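Following the working numbering, the numbering of the sequence shown begins with 38 at its first residue and continues without gaps.
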Amino acid sequence: MSIIIKNIKELVQVEENPVSFVSGKDMSKLETIKDAWLYIKDGFIADFGRMKDFKEDEWVEETHIVEFDATGCMVFPSFCDSHTHLVYPASREIEYIDKIKGLSYEEIAARGGGILNSAKKMQEISEDELYESAMKRLDEIMYMGTGAVEIKSGYGLTAETELKMLRVIKRLKENHPLTIKSTFLGAHSIPAEYRGRQEEYVDIVINEMLPQVAADDLADYVDVFCDKGFFTVEDTDRILNAAMKYGMRPKIHANELDYSGGIQVGVKYDALSVDHLEYTGKEEIECLKGSDTMPTVLPGAAFFLGMIYAPVRDMIDAGLPVALASDFNPGSSPSGNMQFIQSMGCICYKMLPEEAIHATTINSAYAMGISEELGSIAKGKKANIYITEEIPTYEYMPYYYGSNKVDQVIINGEIY
Ligand code: NIG
Ligand code: FE
C-alpha cells in the first residue's frame, strides 16, 4: 500500500542527509518544509517535497494509494521513547499517596515498597495477563504519537521472573506494530533477602540470569540501577563487563539520587545511553563529551517525584546531545505520553521547542539504537509518523500541554 499526504502545513524534522543524533547548538536548528507532500510506499518514507513541485500525474499509475489532505495539519516523525518499564503487573497509586504525604522514594523503597512491591506481584501474575495489559499500554502510547519504544525487565529480580518479563517483551515485539527494543534490568533493586550482601545477588545476575537471557536471545541491551541505595559502581562494572561478553550494550540508570559514578562507569563501557542524570556536574559533563553515550533525561520521573531537574541547559550549552524519554512505569512515572514529556522538556528544563523535538525523536532513537531507521523524516526510513490536528505552529505542540494533538497515526506505512 502507498500513502500520499498532500497540503501538509509543515513537514517537521526533515533530513536530506541523515545523522545519527544532534548535539549542542545544532539541537536548536530544525529543518522543516512548509506546504509539503509526503509519499509513503511499502512501509517506508519514499519521497517528500514542496506542494509547488508536486506532480499529480506521477502517482496515477498507483492502484493501492490512499490520499490524505492535511490542510492546516502538520506531520512529524513519531516519538521514540527510549526508556520505559511498561511491562508491569499492577499500578501503585497507594505509594503515590505516601509520596503526597511526604515519604521519599528511598523511604518507600526501604519500607519494601517501590520496585520490590512490583516484583512481588510479578511472581504471581500470568504471562498472558502481563502481555495483555502491556499491549493496551502500547496501543495507548501509539495513539499519542509514539512509534518506537524500549521496554525493560527489572520487576522480576529472580531468574525465572526476569525471563518471564523478557519473554513477554519478545511477544510484544512479535505482535505489536511499534518498533520495540528490550533491555535486561536484573539489577533494578536488591531483593530484601540479599540486603547487606548484594554482591551475592550480583553474582546471580551475572552467573544465572545473563547466560539464560543471552542463550534465549531475549534482550538487546543491559541496564543497572547504579545509584545511592541501589547498585554500586563496582556492582555495575561487574555486570556490564559480563554483559559485554554477550555483546549486550548498556543503557543504564545513573545519577538520579546522587553523584553515583554511574555516568562514568556507563561511558567506560560505551553505554548507548545513561538515563535520569539529576546529579550531573562539570566532571560528568566532561566525561560525556566525546563519548558515544547519549545523555537521556526523564522529566516524568523528576516531575512526579518532585526531584531536582537535571542540568539540561548546561549539557546542551557544553555541546552535548540530550534525549528525553518517558520512563513509563507504575512507581515514578505512570505516563507514556511523549507529548507531555516534550512540554516538560521546555517548561521544566528550558529547552527550546526545536531542542525538545530533536530530544524526543532522533536523539531518543539513537539512545535505543534505531536512529538509522527512525527518528526523522528521511528517505528510506520506516514510515512511522503522525499527523496533527490543525495547529498554528510546531511550537504549539509543547506549548499546548496536556492534550492530545495527534489526529492520525501511521506506523510501518499502515494507518491506525
Ligand atoms: O526509572 N530509577 C529506577 N527505576 C525506575 C522506577 C521504577 C519503579 O519505581 O517501579 C525509574 O524511575
Ligand atoms: Fe527507569
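Positions of the beta carbon are idealized from the N, C-alpha and C atoms, including for glycine.
Predicted, not measured: the structure shown is a model, and the values here were computed from it.
Taking the DSSP output, what are the residues bridged to PHE262?
Sequence index remark: in the sequence shown, residue 262 carries index 225 (1-based). According to DSSP, which records beta bridges pairwise, PHE262 is partnered with HIS290.
Could you tell me whether any non-hydrogen atom of the ligand FE is closer than 7 angstroms to the CB of ASP366?
In the sequence shown, residue 366 corresponds to position 329, counting from 1. The amino acid occupying residue 366 in the given sequence is Asn; Asp does not appear at that position. Checking every heavy atom of the ligand FE against the Cβ of ASN366, one is found closer than 7 angstroms.
List the whole-angstrom C-beta distance separating ASN44 from ASP90, where the pair is believed to meet the contact cut-off of C-beta under 8 angstroms.
Here residue 44 corresponds to residue number 7 of the sequence shown, with the count starting at 1. Here residue 90 corresponds to residue number 53 of the sequence shown, with the count starting at 1. At roughly 13 angstroms, the Cβ-Cβ gap does not stay under 8 angstroms, so ASN44 and ASP90 are not in contact.
Specify, as a first and last residue, the run of the alpha helix (DSSP H) that TYR403 falls within.
Looking up residue 403 in the sequence shown gives position 366. From DSSP, the alpha helix (DSSP H) with TYR403 extends over 399-403.
From the DSSP secondary-structure annotation, give me the bridge partner or partners of VAL361.
Along the sequence shown, read from residue 1 onward, the residue named residue 361 stands at position 324. Checking the displayed sequence, the identity of residue 361 turns out to be Leu instead of Val. Its beta-bridge partners are VAL334.
Over what stretch of residues does the beta strand (DSSP E) that includes GLY417 continue unbroken?
Taking the first residue of the sequence shown as 1, we reach residue 417 at position 380. First-last for GLY417: undefined, no H or E at that position.
Buried or exposed, going by whether 16 or more other CB atoms sit within 10 Å of the CB of ILE424?
Within the sequence shown, the letter at position 387 stands for residue 424. Label assigned to ILE424: buried.
For the beta strand (DSSP E) containing GLN445, list its first residue and its last residue.
Start at 1 with the first residue of the sequence shown, and residue 445 comes out as number 408. Here the beta strand (DSSP E) through GLN445 covers 443-448.
Kindly identify the DSSP beta-bridge partner or partners of ASN366.
By one-based count along the sequence shown, residue 366 stands at place 329. In the DSSP output, where bridge partners are listed per residue, ASN366 has SER370.
If ARG129 and PRO367 are in contact, beta carbons under 8 angstroms, what's the gap, nearest whole angstrom?
For the purposes of this step, residue 129 is taken as the residue at position 92 of the sequence shown. For the purposes of this step, residue 367 is taken as the residue at position 330 of the sequence shown. About 5 angstroms separates the two Cβ atoms, so the contact holds.
Need the endpoints of the beta strand (DSSP E) that LYS62 sits in, please.
Translated into positions along the sequence shown, residue 62 becomes position 25. First-last for LYS62: undefined, no H or E at that position.
Cβ-heavy atom distance between HIS213 and the ligand FE below 7 angstroms?
By one-based count along the sequence shown, residue 213 stands at place 176. False, no ligand heavy atom lies under 7 angstroms from that Cβ.
Who pairs with LYS71 in a beta bridge, going by DSSP?
Position 34 of the sequence shown holds residue 71. For LYS71, which the question treats as bridged, DSSP gives the partners GLU47.
Taking just the CA atoms, how far does ALA252 sit from GLU53?
Start at 1 with the first residue of the sequence shown, and residue 53 comes out as number 16. Start at 1 with the first residue of the sequence shown, and residue 252 comes out as number 215. Computed Cα separation, rounded: 40 angstroms.
With a CB to CB cut of under 7 angstroms and the five nearest residues on each side skipped, what residues in its chain are close to SER65?
Against the sequence shown, residue 65 aligns to sequence position 28. Same-chain partners within the cutoff: LEU389, GLU391, GLU392.
Own chain partners of VAL242 with C-beta closer than 7 angstroms, once the 5 adjacent residues on each side are dropped:
What you label residue 242 is simply residue 205 of the sequence shown in a count that begins at 1. Contacts found: GLY223, ALA224, ILE276.
If you run the structure through DSSP and keep just helix, strand and coil, what is ASP312?
Stepping through the sequence shown from its first residue, residue 312 is reached at position 275. If DSSP states are grouped into helix, strand and coil, ASP312 belongs with the strands.
What residues in its chain sit with their C-beta under 6 angstroms from that of THR273, if we drop five residues either side in the sequence?
Here residue 273 refers to the residue found at position 236 when the sequence shown is read from its first residue. Counting only Cβ-Cβ distances below 6 angstroms, and skipping sequence neighbours, we find VAL261, CYS263, VAL302.
Whole angstroms are fine: how far does the CA of GLU321 sit from the CA of ILE40?
Position 3 of the sequence shown, counting from 1, holds the residue named residue 40. Position 284 of the sequence shown, counting from 1, holds the residue named residue 321. Computed Cα separation, rounded: 46 angstroms.
Using the Cα positions of ARG232 and ARG148, report the straight-line distance between them to the nearest angstrom.
Numbered from its first residue, the sequence shown carries residue 232 at position 195. Numbered from its first residue, the sequence shown carries residue 148 at position 111. Their Cα atoms are separated by approximately 13 angstroms.
Counted within 10 angstroms of its Cβ, other Cβ atoms place HIS122 as buried (16 or more) or exposed
Taking the first residue of the sequence shown as position 1, residue 122 is located at position 85. The residue in question, HIS122, is buried, as its Cβ has 16 or more Cβ neighbours within 10 Å.
Here's the rule: buried if 16 or more other CB atoms are within 10 angstroms of the residue's CB, otherwise exposed. What is THR220?
Here residue 220 refers to the residue found at position 183 when the sequence shown is read from its first residue. Counting Cβ neighbours within 10 Å, THR220 comes out buried, since at least 16 surround it.
Rounded to the nearest angstrom, how far is the Cβ of ILE77 from that of ALA420, given a contact under 8 angstroms?
Numbered from its first residue, the sequence shown carries residue 77 at position 40. Numbered from its first residue, the sequence shown carries residue 420 at position 383. Contact holds; Cβ gap of about 4 angstroms.
List the endpoints of the continuous beta strand (DSSP E) containing MET111.
The residue given as residue 111 occupies position 74 in the sequence shown. That run of the beta strand (DSSP E) goes 110-114.
Among CYS385, ALA256, PRO429, ALA156, whose alpha-carbon lies nearest the alpha-carbon of ILE345?
Position 308 of the sequence shown holds residue 345. Among CYS385, ALA256, PRO429, ALA156, the Cα nearest to that of ILE345 is on CYS385.
When you compare the CB positions of PRO114 and ILE353, do they come within less than 8 angstroms of one another, or not?
Residue 114 sits at position 77 when you count from the first residue of the sequence shown. Residue 353 sits at position 316 when you count from the first residue of the sequence shown. For PRO114 and ILE353, no; Cβs fall outside 8 angstroms.
Spatial neighbours of PHE340 within its chain, please: CB distance less than 7 angstroms, with the 5 preceding and 5 following residues excluded, ordered by chain position.
For this step, residue 340 is matched to residue 303 along the sequence shown. Same-chain partners within the cutoff: MET381, CYS385.
Straight-line gap, TYR403 to LEU309 (C-alpha atoms, nearest Å):
One-based indexing of the sequence shown puts residue 403 at position 366. One-based indexing of the sequence shown puts residue 309 at position 272. Roughly 8 angstroms between the two C-alpha positions.
What span of residues does the beta strand (DSSP E) with LYS210 cover, start to end?
Position 173 of the sequence shown holds residue 210. Not the beta strand (DSSP E): LYS210 falls in the alpha helix (DSSP H), residues 196-212.
Cα-Cα separation between GLU144 and PHE116, rounded to whole angstroms
Within the sequence shown, numbered from 1, the residue matching residue 144 stands at position 107. Within the sequence shown, numbered from 1, the residue matching residue 116 stands at position 79. Taking the straight line from one Cα to the other gives about 34 angstroms.
Verify the contact flag: HIS120, CB atom, against every heavy atom of the ligand FE, threshold strictly below 7 angstroms.
For the purposes of this step, residue 120 is taken as the residue at position 83 of the sequence shown. Checking every heavy atom of the ligand FE against the Cβ of HIS120, one is found closer than 7 angstroms.
Per DSSP, which one or two residues make a beta bridge with LYS218?
Position 181 of the sequence shown, counted from the start, is the residue given in the question as residue 218. LYS218 is bridged to GLU187.
Just checking HIS395 against the ligand FE - is the residue's beta carbon closer than 7 angstroms to any of the ligand's heavy atoms?
Position 358 of the sequence shown, counted from the start, is the residue given in the question as residue 395. For the ligand FE, not one heavy atom lies less than 7 angstroms from the Cβ of HIS395.
Proximity below 8 angstroms, CB of TYR192 to CB of SER163
If you number the sequence shown from 1, residue 192 lands on position 155. If you number the sequence shown from 1, residue 163 lands on position 126. No, the pair does not count as a contact, with Cβ atoms beyond the cut-off.
Should ILE394 and LEU67 be called a contact, given that it needs their Cβ atoms to be closer than 8 angstroms?
Counting from 1 along the sequence shown, the entry for residue 394 is found at position 357. Counting from 1 along the sequence shown, the entry for residue 67 is found at position 30. Contact: yes.
In the DSSP assignment, the beta strand (DSSP E) including GLU237 goes from what residue to what residue?
For this step, residue 237 is matched to residue 200 along the sequence shown. Premise fails: GLU237 lies in the alpha helix (DSSP H), 235-241, not in any beta strand (DSSP E).
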